[in-house]
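Visitor: Shown below is the structure under consideration.
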Amino acid sequence: KPKCSVNILSVSGKACVKSLSMYTFIIVGIFCTVVGNLLVVLAIAYFKQLQSHTNSFVMSLAVADFLVGLVVMPYSMVRTIEGCWHFGATFCQLHSSLDVMLCTASIFHLSCIAFDRYYAVCNPLVYTFKMSRSRVALLIVVCWAVPLLISFGPILLGLHKLGVDISLPENVCVFLVNRVYAVIASLVAFYLPMVSMLVAYWKIYKAAKRQAMQISAMEAQMAAGVGKDSSKKQKHRNSMRRERKAAQTLGIIMGVFLIFWLPFFTVNIVDPFIEYTTTGVIWDVFLWLGYVNSSLNPFLYGFFNRSFRRAFLLIMGCRICLPGSASGMDLSHSRKDANEQTFFPPELYITKS
Numbered sequence: 000k001p002k003c004s005v006n007i008l009s010v011s012g013k014a015c016v017k018s019l020s021m022y023t024f025i026i027v028g029i030f031c032t033v034v035g036n037l038l039v040v041l042a043i044a045y046f047k048q049l050q051s052h053t054n055s056f057v058m059s060l061a062v063a064d065f066l067v068g069l070v071v072m073p074y075s076m077v078r079t080i081e082g083c084w085h086f087g088a089t090f091c092q093l094h095s096s097l098d099v100m101l102c103t104a105s106i107f108h109l110s111c112i113a114f115d116r117y118y119a120v121c122n123p124l125v126y127t128f129k130m131s132r133s134r135v136a137l138l139i140v141v142c143w144a145v146p147l148l149i150s151f152g153p154i155l156l157g158l159h160k161l162g163v164d165i166s167l168p169e170n171v172c173v174f175l176v177n178r179v180y181a182v183i184a185s186l187v188a189f190y191l192p193m194v195s196m197l198v199a200y201w202k203i204y205k206a207a208k209r210q211a212m213q214i215s216a217m218e219a220q221m222a223a224g225v226g227k228d229s230s231k232k233q234k235h236r237n238s239m240r241r242e243r244k245a246a247q248t249l250g251i252i253m254g255v256f257l258i259f260w261l262p263f264f265t266v267n268i269v270d271p272f273i274e275y276t277t278t279g280v281i282w283d284v285f286l287w288l289g290y291v292n293s294s295l296n297p298f299l300y301g302f303f304n305r306s307f308r309r310a311f312l313l314i315m316g317c318r319i320c321l322p323g324s325a326s327g328m329d330l331s332h333s334r335k336d337a338n339e340q341t342f343f344p345p346e347l348y349i350t351k352s
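Each residue of the sequence shown is one higher than the one before, starting from 0 at the first, in this note's numbering.
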C-alpha cells in the first residue's frame with residue numbers, strides 16, 4: 000500500500016514537472032467526464048425525441064458517471080499524485096463510500112441497458128410489456144439502492160475491515176477490506192452484472208446471426224422478383240439490420256467494460272487472500288482504469304449516435320436557450336441523416352419517431 004510522503008511538488012524541479020503534468024492530464028480527463036455526461040443528461044432531459052425507456056437508463060447512467068467525475072475523481076487525483084490524504088478520516092470514509100456506490104451504480108446501469116436490449120432484439124413482441132415505464136423505474140431504483148446498501152452501510156459502520164489488523168497513518172486513505180466483504184462486494188458490484196451482460200450479449204449475438212441469414216435469404220428472393228409486398232420486406236430487412244448493428248454496439252461496450260473494470264475487481268478480490276501485498280501503484284493504475292470507463296460511457300452511448308451529436312451541438316451552441324426553441328425539434332439534418340446507419344446505431348437508444 001502507498002505510504003504518505005512529503006509533497007512531491009517541493010522535492011525537485013523534475014518532480015514538480017512530473018506532478019504538474021499528471022495534474023493537467025487527469026484534470027482534462029475529469030473535465031471530459033463531467034461535461035460529457037452532463038451533455039447526455041441535458042440532451043435526454045430537453046429533447047423529447049430522445050426520451051425513451053432505454054434512454055432512461057442512459058440518463059441515469061450519465062448521472063452516476065457525472066458524479067464520479069465531480070465528487071470522486073478530484074480527491075482520488077490528489078491522493079494518487081501526492082501520496083497523502085489531506086481531507087481527514089471522516090471524509091476518507093465518505094469518499095470511499097461514494098466511490099464504491101457510484102462506480103457500482105454505473106456498472107449496474109450498463110447491465111440494465113444490456114437487459115433492455117436483450118428484450119428489444121430477442122423478444123420484441125413482449126418488449127413493451129417487459130420494459131414498461133414502471134418496470135424501468137423499478138430497475139433504476141435498484142441500480143441506485145443496491146450500490147447504496149453495499150457501500151455506505153458496511154463502510155461507515157466499519158464492517159468492511161473487521162479482522163484486518165493493519166494500522167495506517169492518519170494522513171493515508173487506503174480502502175482495505177476483509178475477505179468476506181471483498182468477495183461479496185466484488186460479486187455484487189461486478190461479477191454478477193458481468194455475467195448477466197455476457198449472457199444477454201451472447202443471446203443477442205445469436206439472434207443477430209439468425210437475422211443475418213434471414214436477410215440474405217430475403218435479398219435473394221427480392222433479386223429474383225419473388226414476393227409481392229417488396230416494400231414491407233424492405234422495411235423488415237432494414238429493421239433486422241438495425242438490430243444487428245445494435246448487437247455490434249453492445250459488443251464494443253462489453254469489451255470496453257471488461258478491459259477497464261476487470262483488472263481492478265480481480266485485484267480487489269485477490270488482495271485480501273495474499274495478505275494485502277498488491278503495490279499501491281497497481282491499485283492506482285487499475286482504479287483509474289475503472290474511472291476511465293465513466294469517461295468513455297458518454298462517447299459510447301451518445302457521441303457516436305447522430306441524434307445525440309445533433310443535440311449536443313444545439314446545447315453547446317446555446318440554441319436551446321433561444322426564444323421559440325422547442326424540445327420537440329427534429330434532431331436530424333435531413334431524412335438521409337435520420338436513416339443513415341452508423342456503426343453505433345440509434346437503435347441502442349430507441350429514439351422516438
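Cβ atoms here follow ideal geometry from the backbone N, Cα and C, with glycine treated the same way.
Please determine, among PRO168, ARG178 and GLU169, the residue with the shortest C-alpha to C-alpha distance to GLY162.
Guide: Comparing Cα positions, the closest option is ARG178.
Visitor: Quick check on THR276: does DSSP put it in helix, strand or coil?
Guide: coil
Visitor: DSSP state of GLN92, grouped into three classes?
Guide: The answer is helix: DSSP assigns GLN92 an H, G or I state.
Visitor: Where does the unbroken alpha helix (DSSP H) through ALA61 begin, and where does it stop?
Guide: 52-66
Visitor: VAL194: buried (16+ other C-beta within 10 angstroms of its C-beta) or exposed?
Guide: Residue environment: VAL194 is assigned as exposed (fewer than 16 neighbouring CB atoms within 10 Å of its CB, all protein chains considered).
Visitor: Just the Cα atoms here: how many angstroms apart are LEU38 and ILE25?
Guide: 20 Å
Visitor: Can you give the beta carbon distance from MET72 to ILE106, rounded, assuming they're within the 8 Å contact cut?
Guide: Their Cβ separation, rounded to whole angstroms, is 16 Å, which puts MET72 and ILE106 out of contact at 8 Å.
Visitor: For GLU169, does the three-state DSSP call read helix, strand or coil?
Guide: DSSP places GLU169 in coil when its eight states are reduced to three.
Visitor: For CYS91, tell me which candidate among GLY157, LEU257, ALA188 and VAL198 has the shortest Cα-Cα distance.
Guide: GLY157
Visitor: Give the single residue among GLY82, LEU101 and ALA206 whose Cα lies nearest to the Cα of GLU169.
Guide: GLY82
Visitor: Might you give, ordered along the chain, the residues of its own chain that have their beta carbon closer than 7 Å to the beta carbon of GLY12, omitting 5 neighbours on each side?
Guide: Exclusion of the five residues before and after GLY12 leaves no residue of its chain whose Cβ lies closer than 7 Å to its Cβ.
Visitor: Taking just the CA atoms, how far does SER96 sit from TRP84?
Guide: CA-CA distance, TRP84 to SER96, rounds to 16 Å.
Visitor: Using only alpha-carbon positions, find the residue among LYS208, LEU257 and MET130 that is nearest to PRO192.
Guide: Among LYS208, LEU257 and MET130, the Cα nearest to that of PRO192 is on LEU257.
Visitor: Which residues mark the beginning and the end of the alpha helix (DSSP H) in which TRP84 is found?
Guide: Note, TRP84: premise wrong, no alpha helix (DSSP H); not H, not E.
Visitor: Are there three or more Cβ pairs, one per stretch, closer than 8 Å when the region 43-60 is compared with the region 139-147?
Guide: yes
Visitor: Within 10 angstroms of the Cβ of ALA144, are there 16 or more other Cβ atoms? Answer buried if so, exposed if not.
Guide: exposed
Visitor: Could you work out which residue in ALA207, CYS121, SER51 and VAL67 is closest to MET100 when comparing CA atoms only?
Guide: Of ALA207, CYS121, SER51 and VAL67, the residue nearest in Cα terms is VAL67.
Visitor: Whole angstroms are fine: how far does the CA of LEU147 sit from the CA of LYS351?
Guide: With a pLDDT of only 46 at LYS351, under the threshold of 50, the placement of this residue in the model should not be trusted; the figure read from the coordinates follows. The alpha-carbon atoms of LYS351 and LEU147 are separated by roughly 32 Å.
Visitor: Leaving out five residues on either side along the sequence, give the residues of the same chain with a beta carbon under 6 Å from the beta carbon of ASP164.
Guide: Within the same chain, no residue comes within 6 Å of ASP164 by CB-CB distance, once the 5 residues on both sides are set aside.
Visitor: I'd like to know whether the C-beta of PHE311 is nearer than 8 Å to at least one C-beta of chain C.
Guide: No chain C appears in this structure, which consists of one protein chain only.
Visitor: What is the DSSP secondary structure of LEU330, reduced to helix, strand or coil?
Guide: coil
Visitor: Are there 16 or more other CB atoms within 10 angstroms of the CB of THR341, so buried, or fewer, so exposed?
Guide: Here the model assigns THR341 a pLDDT of 34, short of 50, so the residue's position is not dependable, and the following value carries that caveat. Counting the other CB atoms within 10 Å of its CB gives THR341 a total below 16, which places it among the exposed residues.
Visitor: Using the Cβ count rule (16 or more neighbours within 10 Å means buried), how would you classify VAL176?
Guide: Its Cβ being crowded by 16 or more others within 10 Å, VAL176 is buried.
Visitor: Out of curiosity, what's the CA-to-CA distance linking LEU69 and GLY35?
Guide: 12 Å
Visitor: According to DSSP, simplified to helix, strand and coil, what is GLY162?
Guide: coil
Visitor: Look up SER131 in the DSSP assignment and say whether it is helix, strand or coil.
Guide: coil
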